[in-house]
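Participant: Dropping a structure here in structure tokens format, bear with me for questions.
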Amino acid sequence: MGINNEYHDDSVFSNDPEAFDETYDEQEDRDLVLNPSDWHDWHSEDVLNMWMSLKQYLEDNHMNNSLMNKASFHDFAEFVRQFSR
Numbered sequence: 254m255g256i257n258n259e260y261h262d263d264s265v266f267s268n269d270p271e272a273f274d275e276t277y278d279e280q281e282d283r284d285l286v287l288n289p290s291d292w293h294d295w296h297s298e299d300v301l302n303m304w305m306s307l308k309q310y311l312e313d314n315h316m317n318n319s320l321m322n323k324a325s326f327h328d329f330a331e332f333v334r335q336f337s338r
């Protein structure tokens, strides 16, 4: 590997469409079904960002005592996972 990687150069600069096989298939990602623990691992950063933004919004608007006051991050992550299918 490195600067003089002839295999990479051959696949990138070749006229053969089969030479470069690292194509991205978006449909494959949509069809991918993860078990709950893998789903939480894969989306943990995004779900945490949503959770923190939502909690901050509720606090800024003085609604944190009335909405979601007993909800935990785990409950929220499970809710998002159930409705992401």
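In terms of my numbering, the sequence shown opens at residue 254 and continues consecutively. Virtual Cβ for every residue (Gly too), placed ideally from N, Cα, C.
Note down the Cα distance separating residue 335 from residue 309, rounded to an integer number of angstroms.
Facilitator: If you number the sequence shown from 1, residue 335 lands on position 82. If you number the sequence shown from 1, residue 309 lands on position 56. Each residue's alpha carbon lies about 23 Å from the other.
Participant: Given a cut-off of 7 Å on the beta-carbon distance, is the pair residue 326 and residue 292 in contact?
Facilitator: Here residue 326 refers to the residue found at position 73 of the sequence shown. Here residue 292 refers to the residue found at position 39 of the sequence shown. Contact: no.
Participant: Answer yes or no: do residue 333 and residue 286 have a C-beta to C-beta separation smaller than 7 Å?
Facilitator: On the sequence shown, residue 333 is found 80 positions in, with the first residue counted as 1. On the sequence shown, residue 286 is found 33 positions in, with the first residue counted as 1. Against a cut-off of 7 Å, the Cβ pair of residue 286 and residue 333 comes out as no contact.
Participant: Output yes or no for whether 7 Å exceeds the beta carbon distance between residue 311 and residue 317.
Facilitator: In the sequence shown, residue 311 corresponds to position 58, counting from 1. In the sequence shown, residue 317 corresponds to position 64, counting from 1. Closer than 7 Å, so yes.
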